[in-house]
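Notes follow the structure.
Structure follows, in structure tokens:
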């Protein structure tokens, strides 16, 4: 696979994400509100710890083994997404059945993109949870593309976006190997059109210098987009310079390009209801299982710099994270979509 | 209402005329029943026109039941059937919304694509009716227009492939599955006129798709 | 040969020339996903309160709205180091178009043909529908009087945009009461009203950025303030400590620096114990307390009441108070026209003796009484037992709050939903007042945020200066008020109170208590609330007798016609079953005006389709200091189906009422005060004498904007283009003057600075922030100083307490059954419960459980999480009745016993006015038991 000249990357600050799902809806309405795409949530926010979406995706495998060899896992099955909810509105409103019928999905979906919303782990009062927006990682070594026997998935040279470029070839493919290859389970199959579909990085927007919908529409201002090699850009600084933004499950071997600023949490309370600073509320072990060994340094730097600011000292890191101007989050993609005409 | 008229000659043109006419008839049948429409159903005029169109089709074997001919229903009863089936529901169970996007998955993108189909062929939604683009009657009306334009192109010796492709794609990605769902929900209710109309439209669209795919 | 005729009905030819079309490619067509005809600015006319409104670009193609995206064009702030407001917006607004084309839209007028709620309808024409409504109105005005025509009131229409203008004018024209629905939801802030004399006090979100501490106490901004939440995260990075106080580990606790788990309903004890620490350790800001609060005012020791002028001399006044001036060593009259002390130093300690005609009496400052009260009852150890918060944490928090340069609170609308919420608010206010965290940048107390255009259009939203000018011209009380130092704010409140007293505005919660059988439902009230001294109905009788409270129609009458107008009372109010059984049968006609089939519409007799938010032109009349911008809605497309905007609908209705009255030969009727009203001229009253035609909805929106004095002066077209304009002042409208501060575009809104800096008096009896309320009823109930009281066992003696909150996923019920958003939940109502309560009851996550108490029961899915406190269950707001099995709504169990303290009146700041000082519903702490549902 040719190496990309530049790489688009995303940084998500989990200390700013409030779990509102505006990114989810922005993506859904722009790309996947179509037939055969009910189960597709190219962007979604999961409550962590949790089984995620699709259910137990972290256990399905994919990516590369220790020797860098492609390792196919399993593709998510229908029940891992949950059944699309179809509601009996007509029956409730007009069925003439009065209160004998109530509004509910016709069939219990059993699972969904946000099934575990706000369900904590641990024990009261030291329970913990946080929100994690997830989208395609546009990996530097995309296992989906490597797995595709038809060369239908490409990693773009100019920006590193991973796209399904040939839907005819894709349609001809009888196997779900791309889904097996992707360890993040960010490739979805459209059962009606018999093609694989995935996050396109909002390429049609980016080509017009408009930021991806999930980034631009995030009211929490928690997602940055930009070129990873732009040394002055916040993405580069957070990932490379300050090393507070970490990839998710780097051990999958695909070199993902979505980075996360790990979550802090209020201190735990001891049996007497007093603050106990000796251990964190979110077990570092758990964070390490997501973000790898870089977690300790990242959390320390984050706390240190925040402490500086509390002492009214200056901190470049904190300034970046505050993002005083909203456009700072958009990288080079600062145009207003309403003012851009299709070429 | 915009009216345009073609004089068709020869079997090929007449066949397209039959198809186009049938789309138009079924479309009208799925609109809210005005008193005039009710009269035309009751008097059998509607069923006769359907029979005429069926006779012109390029393929055989399509049948229609009497489609409400001589129905004993009053106008009020007839109208209440419509409301019950498509808007309100009642004795026959929940209604079947006559909007394609409600028949499965993805409201806005479905509406958007249908709108683009219309737009591509110079159409827009009636500003008077203010309804969604994916109403069954409007989709059928669109097929009526495409086949009308196809006949016109043929008449004028122009290329008609664009229309045929659009007809095929519109049926394939939109109308055909939609009418099948409607037929499934309404076809079995036994409600005079509408169950017959739903079944007819499903079989017709199915035959149309096969016909166009063979072209 | 055959003819083929092209016949189009739902489609029209009109886009380009067909004749040249020789190519069609589906894949090319699909790639043109970026096409649109026009983009207009708009927003969502829903009452999302703290969040509202957000400027959106609405993309339109061939008359169909395709999508929306935040405009993100909020201007930069003056401080280059402050984060800006962009992009704003939330997931609900970002898919509104999906909702707009929902098949649950009401398409044409419908008339019920079965029983109420049975779901049998027939289509009728607008003319038939309006005729039927008009006839019912005429019959009712003549037979029972216009005061029996009521509205359930809808914040969506009546308070939000200019489309409320016509309905408001229509009901005023008829002589029917306007409704005040604030307390239906428990959105009232009674404790703030008691203490500050007003409820409308709110800062802007950028003000949080300047705080050293953000106290999220009584709110969940991660759910309810999505567009502004980033300011909290940014303030935290900027060095602020974020403290969240709540029973459960909420979405807003996740990002806190300290989470204080507190027992449900015990927040007053927590606050009072912090006050005890602050006083005990002398950490309070004495200057602030001396100048701004009633704590230095003298109390007669033997009576516990304020020392008043009438105590000192015969014929003395009730409303002149005193402090002991340490500078002069003498008794001094507390100034009424200003808070400025002009060199005086009021004593906060000690006991003094004053001479009265009855002899020498001992007096002491309120502060002394407060200290003793706190030392006796609210040491951290005592409070720890009530709150579950450790004494050391209470002490630590108190010290940090006192030491902080600036603390802001984020409370949203929680406390009004507690039976004793007024006490909680009074106690929290005491913390803020003692520490002086009020009226400074980065140091503010916020309650009910609201800011309105003080336009000259429409009902009560008249510009306050017009009211004041006309008062100056014609009201004999005016000169007296000014003489006594009344501020504009105080004069406005006089007029609003008058509107309540005359039946012009009526509180709907009180209506449901009395006419909806809810008061009867709570027969067990004395068992639930051990503090109750007399039967509740006796308190109610007293309140009406003494004219503390007012209701229209009064207790002797019954409502006959109800308009559910942009609101959804059968989902909103508590004790649903009682309303269905007791309230609905009283109605001759229930009309629902809405764009969607909600619970109230399903029980209505007539349903009138309103168009939705992208189908009309409107100016937001209600705004928020949280983001001090006025928003516009440009009509993006024609109203769908047969729907109409409220403006046109009520113009036509007024015309039809006149027409039917003429046809039926009915000319006039008398209102409750015996004044004659005529049907003729009603339309003129709605259309401002014909100034605006029924099609000139935009004219109303335009002039509402242009005639306001407190917004930047840009022309209408520019406003429409930008979508937003900056507020430039609080204006003189009733619904924003309470903020009492200047508003400078680009600067944070810091409420109460007219008091803290300009030294304007507060609109209270003592003209100060008032913690001692020496009203008889307060004394009877032992609430003259802020106290903690255990919540009543509302609903019966059951072990679990319901809490709740506004939802992440819906603004009231506007999106509660939105299919896209339901897919991001579990598709059905869910109730959070603690891991421990679930396990002891054999309940697993996802099980259907029955929730039950003495009043009612309902079934719901359980969501089990250790974030929930044992003993607590959480039902978030606004699920619709028809989303529950058997339509047994979750609010049906919320017994909502009336708290008699809310009946108090006739005490300067404690008199019914818009949004406060009348009985409201409560639900927090409602007692229930939960078990797995059978089958």
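Residue numbers (the working numbering), protein chains in the order written: chain A, 153 to 495; chain B, 1273 to 1487; chain C, 3 to 937. Each residue gets a CB set at the ideal place from its N, CA and C atoms; glycine is no exception. Note that this is a predicted model, so its numbers are computed, not measured.
{"query": "Proximity below 9 Å, CB of residue 816/C to CB of residue 562/C", "result": "no"}
{"query": "Cβ shell of residue 550/C (< 7 Å), same chain only, five flanking positions each side left out", "result": "905, 906, 907, 908"}
{"query": "Amino acids of chain B, ordered along the chain, whose beta-carbon sits closer than 9 Å to that of residue 619/C", "result": "Correct list: empty, because the minimum Cβ distance to chain B is about 16 Å."}
{"query": "Contacts that residue 1437/B makes with chain C (C-beta to C-beta distance below 9 Å)", "result": "25, 26, 27, 28"}
{"query": "Pair within 9 Å by beta-carbon distance, residue 325/A and residue 294/A", "result": "no"}
{"query": "N- and C-terminal bounds of the alpha helix (DSSP H) containing residue 196/C", "result": "192–198"}
{"query": "Minimum Cβ-Cβ distance from residue 165/A to chain C less than 9 Å", "result": "yes"}
{"query": "Within chain C, the residues that residue 172/A reaches when beta carbons sit closer than 7 Å", "result": "92, 93, 228, 810"}
{"query": "Residue-level contact to chain C via CB, residue 1273/B, 9 Å cutoff", "result": "Confidence at residue 1273/B is low in this model, with a pLDDT of 39, below 50, so its placement is unreliable and the value that follows should be read with caution. Closer than 9 Å to some Cβ of chain C, the Cβ of residue 1273/B qualifies, so yes."}
{"query": "Length of the line joining the Cα atoms of residue 432/A and residue 476/A", "result": "29 Å"}
{"query": "Residue(s) in a DSSP beta bridge with residue 219/C", "result": "247/C"}
{"query": "Buried versus exposed call for residue 1356/B [16 or more other C-beta atoms within 10 Å across all chains shown]", "result": "buried"}
{"query": "Span separating the alpha-carbon of residue 388/C from that of residue 304/C", "result": "31 Å"}
{"query": "Residues of the stretch 1396–1412 of chain B with Cβ closer than 7 Å to any Cβ of chain C, in chain order", "result": "1396, 1397, 1398, 1399, 1401, 1402, 1403, 1404, 1405, 1407, 1409, 1410"}
{"query": "Buried or exposed by the 16-neighbour rule on C-beta atoms within 10 Å, applied to residue 1487/B", "result": "exposed"}
{"query": "Residues of the stretch 417–439 of chain A with Cβ closer than 8 Å to any Cβ of chain C, in chain order", "result": "417, 418, 419, 421, 424, 425, 426, 427"}
{"query": "Exposed unless 16 or more other CB atoms sit within 10 angstroms - verdict on residue 537/C", "result": "exposed"}
{"query": "Enclosing alpha helix (DSSP H) for residue 1287/B [first to last residue]", "result": "1282–1302"}
{"query": "Coarse secondary structure for residue 631/C, derived from DSSP in three states", "result": "strand"}
{"query": "DSSP-derived helix/strand/coil call for residue 256/C", "result": "coil"}
{"query": "Supposed close pair residue 792/C, residue 776/C - CB separation, criterion 8 Å", "result": "No, residue 792/C and residue 776/C are not in contact; Cβ-Cβ is about 24 Å, not under 8 Å."}
{"query": "CB of residue 794/C within 9 Å of CB of residue 873/C, strictly", "result": "no"}
{"query": "Whole-angstrom distance between residue 392/A and residue 292/C, CA atom to CA atom", "result": "55 Å"}
{"query": "Runs of beta strand (DSSP E) wholly within the stretch 737–787 of chain C (minimum 3 residues, chain order)", "result": "none"}
{"query": "Listed by chain order, chain C residues near residue 1452/B by CB distance under 8 Å", "result": "Going along chain C, no residue has its Cβ under 8 Å from residue 1452/B, so there is no contact; the nearest lies around 19 Å."}
{"query": "Residues bridged to residue 411/C [DSSP beta-bridge criterion]", "result": "217/C"}
{"query": "Completely contained alpha helix (DSSP H) runs for the stretch 1415–1454 of chain B, where each covers 4 or more residues", "result": "1433–1442"}
{"query": "Run of the alpha helix (DSSP H) containing residue 718/C, from where it starts to where it stops", "result": "718–724"}
{"query": "Where the stretch 185–215 of chain A meets chain B: residues whose CB sits under 9 Å from a CB there", "result": "185, 186, 187, 188, 189, 190"}
{"query": "Own chain residues within Cβ distance below 6 Å of residue 473/C, not counting five before or after", "result": "480"}
{"query": "Neighbour-count burial assignment, residue 575/C, 16 or more Cβ in a 10 Å radius", "result": "buried"}
{"query": "Neighbourhood of residue 210/C by C-beta distance below 7 Å, restricted to the same chain and skipping five residues each side", "result": "216, 233, 234, 237, 410"}
{"query": "Touch test, the stretch 1422–1439 of chain B against the stretch 1276–1284 of chain B, Cβ-Cβ under 8 Å, three pairs minimum", "result": "yes"}
{"query": "CA-to-CA distance, residue 327/C to residue 900/C, given in whole angstroms", "result": "42 Å"}
{"query": "Validate contact between the stretch 97–113 of chain C and the stretch 1289–1299 of chain B using beta carbons, cut 8 Å, 3 pairs", "result": "no"}
{"query": "Neighbour flag for residue 535/C against chain A, beta carbons, 9 Å", "result": "no"}
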